[in-house]
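Numbering (the UniProt record's numbering), first residue to last: 1 to 180.
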């Protein structure tokens, strides 16, 4: 396995760029899709956001300073693209992001790519009630099992703040699930 700096050089070199970018896509397509899908919930929307994410990665790779891992940088782009997508979609429909997410959850049962049950839908409804940052932290920790250090790098915040956010999110979700 080549080191990350060498791989980034391959991505930037016109001679090796295509092969390196194909490797980047094959290595990160699944985890990025899962991350995006956890945020936008809908399969087709997740595919669109994933495509936009890879376009942005390709477009801005020359600006990547290496201050974080490539993985974290791409996840940050995917997170921002997902949130922007949700906000734009809600604005187009003239509703809040929370209302949009609730409608999407209501449509999950009809989504052939969703294999959850009633408990999963209840969990998703509980997550929607959380503030945006708590939603992100909970989804990255619970569904993707990312380490706090990785989440901190992606979201640009401290591990301590993330642990507190996750703890509060879990308590709110437990309360929602037991009272609804």
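Glycine is no exception: its CB is placed at the ideal position from the N, C-alpha and C atoms.
Per the coordinates, the alpha-carbon of residue 129 lies some 12 Å from the alpha-carbon of residue 170. Under the Cβ criterion (8 Å, minimum of three pairs), the segment 152-160 counts as touching the segment 69-78. Leaving aside the five residues that flank residue 144 on each side, the residues in its chain whose CB is nearer than 8 Å to its CB run, in chain order, 31, 34, 35 and 38.
Per the coordinates, the alpha-carbon of residue 20 lies some 9 Å from the alpha-carbon of residue 12.
Nearest neighbour of residue 26 by Cα position, chosen from 48, 44, 54 and 49, turns out to be 54.
Sorting 167, 95, 168 and 149 by C-alpha distance to the C-alpha of residue 159 places 149 at the top.
Annotation note: the segment 88-130 contains no uninterrupted beta strand (DSSP E) run of length 3 or greater. Within its own chain, the residues whose Cβ lies closer than 7 Å to the Cβ of residue 162, once the five positions on either side in sequence are excluded, are 137, 148, 151 and 152, listed in chain order. Boundaries of the alpha helix (DSSP H) harbouring residue 149: 148-155, taken from the DSSP string.
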